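Here is the structure we will look at, set down as structure tokens.
What follows is the structure, given as structure tokens:
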């Protein structure tokens, strides 16, 4: 159902603040059109002359007019990017993370979306199986590109088996549609051993690379990701976890194809997620391997990029000593423990600063190797209880729900902090991490 766009924040020094907008106000229409989502809002607000229908927090309707420079933003943030609700997913992928969660958590954790608008705005992945003709037309008319697409397999019978959707076999025709309209996608292939690996993976990458041609390649990049399984997954899902031997096999297979793609396209085209190298216990590729990091949101090169950013920032920000001694605990997933040791050594080289890296596996999810973003409040309690934690905890904010203080298991930072009787310092960037190390007790 289409609802007015509810405002949650007005940015400083913005047109919205000058006009007197307040949190709780809602935009019902712009120049007579009701925006369906943030995409409509941004498109409609690009005009120089706007007629706004606004409903205030008390339910009173106001009609406002304004003139502004073309493309100047109003400086408003909204409760949600989608004013007409999410497009739901009708696939039944056995590796879907939504189905691998325990019951009894907040309702939003179980909602499956397959929305092209979130893909365009935020880089989330969709399958293209849930789009109506109207949505396809809108993608074309508004040039919504690039989109991020979960392909997994290009052979119709394999993709249909994975997505449990009869429309899944149309993927190659859909890629042709993007190519004909000079629109782009970034593709994702989640490798499930015994289903879409081996010769099927070779076929998928070969098919996708055929669309990496021309001035605007329809397939801009491909991420190859290992399937992630939890102890809550359905017993009948026919999935098996990625072993060290399988990881080594896939690395060799994809690297062979990368060499072919380099020769043909001057690019790797396809990239392996960092997890493959962690599972295989191999060193990560060098920084130059990742080109312009086209699949950073998929964990492709994220560790390498973090290491690079840390080095540059540390050279600029880290002093030789600090006046007031600080002792902090830095929590990460055990997947990055080895890669982060040099960073900890650099921090501890600062006289008066002591940082203890605690690398945790997730008992909650039942994973041997755990990326930092999947650690839960229960994992932190189990891993830190009874330990000397110093003056505070450095907490990567990617463990938390965006814009919230809640972990994936619904526990909050405040609850964990109270139980461990120690302050937590969420950090969202390298700069914030180093600043917190230097200023945590101020």
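Residue numbers (this note's numbering): 66 to 507. Every residue, glycine too, gets a C-beta built ideally from N, C-alpha and C. Since this is a predicted model, take the numbers as computed values, not measurements.
Query: Helix, strand or coil at residue 397 according to DSSP, with G and I counted as helix; Result: strand
Query: Residue 364 versus 243, 290, 332, 302, residue with shortest Cα-Cα distance; Result: 290
Query: Backbone CA spacing between residue 501 and residue 403 [nearest angstrom]; Result: 22 Å
Query: Residue 342 versus residue 317 - alpha carbon distance; Result: 11 Å
Query: Alpha carbon of residue 370 to alpha carbon of residue 422, nearest angstrom; Result: 19 Å
Query: Runs of alpha helix (DSSP H) wholly within the stretch 177–209 (minimum 4 residues, chain order); Result: 181–187, 198–206
Query: Residue 263 to residue 230 span [Cα, whole Å]; Result: 23 Å
Query: Pairwise C-alpha distance: residue 366 and residue 348; Result: 12 Å
Query: Entirely enclosed alpha helix (DSSP H) segments - the stretch 222–255, minimum 4 residues; Result: 236–245
Query: Given residue 468 as reference, the closest of 81, 74, 118, 70 once Cα atoms are compared; Result: 74
Query: Residue closest to residue 431, alpha-carbon to alpha-carbon, out of 293, 464, 143, 217; Result: 293
Query: Own chain residues within Cβ distance below 6 Å of residue 76, not counting five before or after; Result: 140
Query: Cβ distance (whole Å) where residue 181 is taken to contact residue 212 below 8 Å; Result: 6 Å
Query: Distance, residue 258 Cα to residue 311 Cα; Result: 8 Å
Query: N- and C-terminal bounds of the alpha helix (DSSP H) containing residue 448; Result: 442–449
Query: Residue 142 in three-state terms, based on DSSP; Result: strand
Query: Burial state of residue 459, where buried means 16 or more other Cβ atoms lie within 10 Å; Result: buried
Query: C-alpha gap between residue 175 and residue 473, whole angstroms; Result: Confidence at residue 175 is low in this model, with a pLDDT of 47, below 50, so the placement of that residue should be treated as unreliable; the coordinate-derived value is given next. Each residue's alpha carbon lies about 12 Å from the other.
Query: Straight-line gap, residue 66 to residue 148 (C-alpha atoms, nearest Å); Result: 8 Å
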